[in-house]
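Trainee: So the mapping is simple: this note's numbering equals the position in the sequence shown, first residue as 1, plus 9.
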Amino acid sequence: MTDHVLLFVPLDDRPVTMDMVVDLARAAEVDVRTPDRAVLGGRDRPGEVDRVWEWLDHQVAAGASALIASVEMLCLGGLVASRKSEAEFEEIAPRLRRLYEIASRVPTYISAVIPRTPVHPTAEDAPDAALQHRTRHLQMNTDLIDAASRGRLRYLLIGQDDTSPRSPGQAERESLQAHVEAIGAPNVLLTSGADELNTRLLARWLTDLTEVSAGVRILYTYPENAEQIPLYEATPLIQTVGEHVRSAGCALSPSPQPSPLVGEGEGEGSDADILLWVHNFKDRQREARDQPETLDHDRVEVILKQVDAAAKRGKAVALADVRYANGADRAVVGRLLDEPRFAGIVAYGGWNTCSNSLGTAISQAVVAHHLRATLPEDDRVYRQVLFLRILDDWGYQSVIRPQLARWVEDHGGSPADLGEHESTAEVLALQGLRNDALPALQASFRHHPTAVHRVTFPWHRLFEVRIDLEITRTP
10 MTDHVLLFVP
20 LDDRPVTMDM
30 VVDLARAAEV
40 DVRTPDRAVL
50 GGRDRPGEVD
60 RVWEWLDHQV
70 AAGASALIAS
80 VEMLCLGGLV
90 ASRKSEAEFE
100 EIAPRLRRLY
110 EIASRVPTYI
120 SAVIPRTPVH
130 PTAEDAPDAA
140 LQHRTRHLQM
150 NTDLIDAASR
160 GRLRYLLIGQ
170 DDTSPRSPGQ
180 AERESLQAHV
190 EAIGAPNVLL
200 TSGADELNTR
210 LLARWLTDLT
220 EVSAGVRILY
230 TYPENAEQIP
240 LYEATPLIQT
250 VGEHVRSAGC
260 ALSPSPQPSP
270 LVGEGEGEGS
280 DADILLWVHN
290 FKDRQREARD
300 QPETLDHDRV
310 EVILKQVDAA
320 AKRGKAVALA
330 DVRYANGADR
340 AVVGRLLDEP
350 RFAGIVAYGG
360 WNTCSNSLGT
370 AISQAVVAHH
380 LRATLPEDDR
390 VYRQVLFLRI
400 LDDWGYQSVI
410 RPQLARWVED
420 HGGSPADLGE
430 HESTAEVLAL
440 QGLRNDALPA
450 LQASFRHHPT
460 AVHRVTFPWH
470 RLFEVRIDLE
480 ITRTP
């Protein structure tokens, strides 16, 4: 795929919204190009929208295979900036017209967001501002749907940011869905999620490019609980899983999941190209910080036998670790790291919301599946994202971050605004990863020597981290 040039305009400048897509695209041997990080939106500053458009116009003129872009960045300066912006729809409409003109020349995949309905509102969620924000976004998303239905966009993925059942966001999603069905727009999908949307669009573009739709078999840890609704979302888990698979251009295996406590082989549906293990919750989803240090041994061991069988048959095995919100299941990841090569799992996600994890896992699996046809002996190219997710979602978010939060608070600081404690917290996080996480990763991947050079907090809080990682490979 080295002849393909992908233009990518991220949602903002965070590692999970920018670097993950870039790393996956490069693993797929795609020439991916982005605006400079400095002109993208951040936590406390809007992106320089005019400069992003200048970059995009220049790149399109030079020639490109496709464009993946966040409409929040192109029209409003990023996710946080879109919440704070007082711009009316009429003010951003010219930018949408400009986008559609570019889309007439370059296959264009667009992500958009239904504004969040947070459990703990901030100043930017004040009622008057939120109403104006929601009204503008409803108009913008409707306009995007209309454009997609006329073929002006190749694919449109509209994600519902943090929400809950019976929230304003859910009502807006239902309204938009009714509009999609009324006008007929098969290239539009409304779904849960926000930060991972462009990762899913990358998988979709690769699927369209190769004209190969991977079959996906789903394996739940607790299939009897797949109808439960995760934290920060408004729809049942089983519905969300299906949406993520479809958004990547993949097809769900029709075979039912066998009982999790019987059988040792891969089971029915073994002809699927990807096995997606959804490690879900029993009754309700809890925060990762509140998890017990226990492993449901019987369930996990039976599933691992199916994972092993699928991996040995050359399937791309992915794990969406959604047992908890905002971090990995420590017991399950610890068990997997006891096995060589993470028990054969090539794709992993266990961060923030259920949809963030699902989209990350399925997108990695799609890349791995396509790469195996061209680079069957060299899996190092897609290990970068896998290792980062293990070290971030498990090592940092579930193990180190709770300890760091206590340290910051004990020293009179706030995990949400590190201030003078930031440089020390970076050192402590680096030491923690090197001492408490990296040895287990190295024991599992003995032929992939890995170094963590630096840890930083790009938004000056503990919630997200940037890990500078280097992987080599022994002969």
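We put the CB at the ideal spot given by N, CA and C, even for glycine.
The beta strand (DSSP E) spanning H456 covers which residue range?
Mentor: In the sequence shown, the residue the question calls residue 456 occupies position 447. No beta strand (DSSP E) holds H456; DSSP gives it neither H nor E.
Trainee: Along the chain, where does the alpha helix (DSSP H) containing Q248 start, and where does it finish?
Mentor: By one-based count along the sequence shown, residue 248 stands at place 239. That run of the alpha helix (DSSP H) goes 246-256.
Trainee: Roughly how many angstroms separate the alpha carbons of E275 and A438, rounded to a whole number?
Mentor: Numbered from its first residue, the sequence shown carries residue 275 at position 266. Numbered from its first residue, the sequence shown carries residue 438 at position 429. Note that E275 scores a pLDDT of 49, beneath 50, so its modelled location is shaky and nothing firm can be said.
Trainee: So does the segment 356-364 actually touch the segment 326-337, counting three or more Cβ pairs closer than 8 Å?
Mentor: Segments in contact, yes.
Trainee: How big is the Cα-Cα spacing for I409 and T465?
Mentor: The sequence position of residue 409 within the sequence shown is 400, counting from 1. The sequence position of residue 465 within the sequence shown is 456, counting from 1. Roughly 14 Å between the two C-alpha positions.
Trainee: For a test of the three-state rule: what should DSSP assign to E190, helix, strand or coil?
Mentor: In the sequence shown, residue 190 corresponds to position 181, counting from 1. Residue state, collapsed to three classes: helix.
Trainee: Within 10 angstroms of its Cβ, does T249 collect 16 or more other Cβ (buried), or is it exposed?
Mentor: Reading the sequence shown from its first residue, position 240 is the one you call residue 249. Buried, because 16 or more other Cβ atoms sit within 10 Å of the Cβ of T249.
Trainee: For S256 and L198, which I take to be in contact (beta-carbon distance under 8 Å), what is that distance rounded to the nearest angstrom?
Mentor: As a first step, residue 256 must be located in the sequence shown, where it is residue number 247. As a first step, residue 198 must be located in the sequence shown, where it is residue number 189. About 5 Å separates the two Cβ atoms, so the contact holds.
Trainee: Kindly indicate the opening and closing residues of the alpha helix (DSSP H) around H13.
Mentor: Locating residue 13 in the sequence shown gives position 4, where the first residue counts as 1. Counting along the chain, H13 falls outside any alpha helix (DSSP H), and DSSP gives it neither H nor E.
Trainee: From this set, G51, E348, L83, which residue's C-alpha is nearest A320's C-alpha?
Mentor: As a first step, residue 320 must be located in the sequence shown, where it is residue number 311. Considering only alpha carbons, the answer is E348.
Trainee: Near A434, what residues of its chain come up, given a Cβ to Cβ distance below 8 Å and the 5 sequence neighbours on each side ignored?
Mentor: In the sequence shown, residue 434 corresponds to position 425, counting from 1. So the qualifying residues of the chain are L413, W416, V417, L427, F466, L471.
Trainee: Is the segment 277-291 close to the segment 322-332, with three or more CB pairs under 8 Å?
Mentor: Counting Cβ pairs under 8 Å, three or more are found: they touch.
Trainee: My understanding is that L246 touches A235, with C-beta atoms under 8 Å, so please give their C-beta distance in whole angstroms.
Mentor: Position 237 of the sequence shown, counted from the first residue, corresponds to residue 246. Position 226 of the sequence shown, counted from the first residue, corresponds to residue 235. Indeed they touch by this definition, with Cβ atoms about 5 Å apart.
Trainee: Can you look up T200 in the DSSP assignment and give me helix, strand or coil?
Mentor: Taking the sequence shown and counting its residues from 1, one reaches residue 200 at position 191. Correct three-state label for T200: strand.
Trainee: Could you tell me the boundaries of the beta strand (DSSP E) in which I371 lies?
Mentor: Working through the sequence shown from its first residue, we reach residue 371 at position 362. Element bounds for I371: not the beta strand (DSSP E) but the alpha helix (DSSP H), 363-380.
Trainee: Please determine if the segment 49-66 and the segment 16-35 are in contact, where contact requires at least 3 C-beta pairs separated by less than 8 Å.
Mentor: Because the criterion of three Cβ pairs below 8 Å is met, the segment 49-66 and the segment 16-35 touch.
Trainee: Quick check on the burial criterion: 16 or more other C-beta atoms within 10 angstroms. Buried or exposed for S364?
Mentor: As a first step, residue 364 must be located in the sequence shown, where it is residue number 355. Burial call: buried.
Trainee: Measuring CA to CA, which of A446, E473, L478 is closest to V461?
Mentor: Taking the sequence shown and counting its residues from 1, one reaches residue 461 at position 452. Nearest of A446, E473, L478 to V461, Cα basis: L478.
Trainee: Are the CB atoms of L206 and S79 nearer to each other than 9 Å?
Mentor: Against the sequence shown, residue 206 aligns to sequence position 197. Against the sequence shown, residue 79 aligns to sequence position 70. A contact, by the Cβ cut-off of 9 Å.
Trainee: Does Y391 pass the burial test, meaning 16 or more other C-beta atoms within 10 Å, or should it be called exposed?
Mentor: As a working mapping, residue 391 is identified with position 382 in the sequence shown. With 16 or more Cβ atoms within 10 Å of its Cβ, Y391 is classed as buried.
Trainee: Measuring alpha carbon to alpha carbon, tell me which residue in L165, V355, G224, A297 is nearest L395.
Mentor: Taking the sequence shown and counting its residues from 1, the one referred to as residue 395 is at position 386. For the residues L165, V355, G224, A297, the minimum Cα distance to L395 belongs to V355.
Trainee: Could you check if L16 is buried or exposed, using at least 16 other CB atoms within 10 Å of its CB as the buried criterion?
Mentor: Counting from one through the sequence shown, the residue named residue 16 turns up at place 7. So L16 ends up on the buried side.
Trainee: Within the chosen definition, does the segment 209-219 reach the segment 157-173 through at least 3 CB pairs nearer than 8 Å?
Mentor: Touching, per the Cβ criterion.
Trainee: Between which two residues does the beta strand (DSSP E) containing H420 stretch?
Mentor: Position 411 of the sequence shown, counted from the first residue, corresponds to residue 420. Neither: H420 is in no beta strand (DSSP E) and is coded neither H nor E.
Trainee: Does G353 pass the burial test, meaning 16 or more other C-beta atoms within 10 Å, or should it be called exposed?
Mentor: Counting from 1 along the sequence shown, the entry for residue 353 is found at position 344. Flag for G353 reads buried.
Trainee: Considering only DSSP beta bridges, list what R42 is partnered with.
Mentor: Taking the sequence shown and counting its residues from 1, one reaches residue 42 at position 33. Paired residue(s): L16.
Trainee: Leaving aside the five residues before and after S423 along the sequence, list all residues of the same chain whose C-beta is less than 6 Å from its C-beta, in chain order.
Mentor: One-based indexing of the sequence shown puts residue 423 at position 414. Correct list: empty, nothing qualifies.
Trainee: Between L83 and R106, which are expected to be in contact by the criterion C-beta below 8 Å, what is the C-beta distance as a whole number of angstroms?
Mentor: For the purposes of this step, residue 83 is identified with residue 74 of the sequence shown, where counting begins at 1. For the purposes of this step, residue 106 is identified with residue 97 of the sequence shown, where counting begins at 1. Incorrect: roughly 12 Å between the Cβ atoms, too far for contact.
Trainee: Which residues share a DSSP beta bridge with A121?
Mentor: If you number the sequence shown from 1, residue 121 lands on position 112. DSSP, once it has assigned bridges, lists I167 as partnering A121.
Trainee: Determine the extent of the beta strand (DSSP E) in which D477 is found, giving its start and end residues.
Mentor: Position 468 of the sequence shown, counted from the start, is the residue given in the question as residue 477. Segment 475-480, the beta strand (DSSP E) holding D477.
Trainee: When we look at the beta-carbon of H146 and count the other beta-carbons within 10 Å, is it buried (16 or more) or exposed?
Mentor: Along the sequence shown, one-based indexing puts residue 146 at 137. So H146 ends up on the buried side.
Trainee: Any contact of the segment 171-182 with the segment 110-125, i.e. 3+ C-beta pairs under 8 Å?
Mentor: The segment 171-182, when compared against the segment 110-125, does touch it at the 8 Å Cβ threshold.
Trainee: What are the residues that DSSP puts in a beta bridge with Y229?
Mentor: The residue labelled residue 229 in the question sits at position 220 within the sequence shown. In DSSP, Y229 forms a bridge with V287.
Trainee: Only counting the same chain, and skipping five residues up and downstream in sequence, which positions put a Cβ closer than 7 Å to that of E296?
Mentor: The residue labelled residue 296 in the question sits at position 287 within the sequence shown. Cβ within range, chain order: Y333, A334, N335.
Trainee: Checking the sheet assignment: what are the DSSP bridge partners for Y333?
Mentor: Residue numbering aside, residue 333 sits at position 324 when the sequence shown is read from its first letter. R295.
Trainee: On a CA-only basis, which of R114, T216, A281, P448 is nearest N66? Give me that one, please.
Mentor: Against the sequence shown, residue 66 aligns to sequence position 57. In the sequence on display, residue 66 carries Asp and not Asn. That would be R114, whose Cα lies nearest to the Cα of D66.
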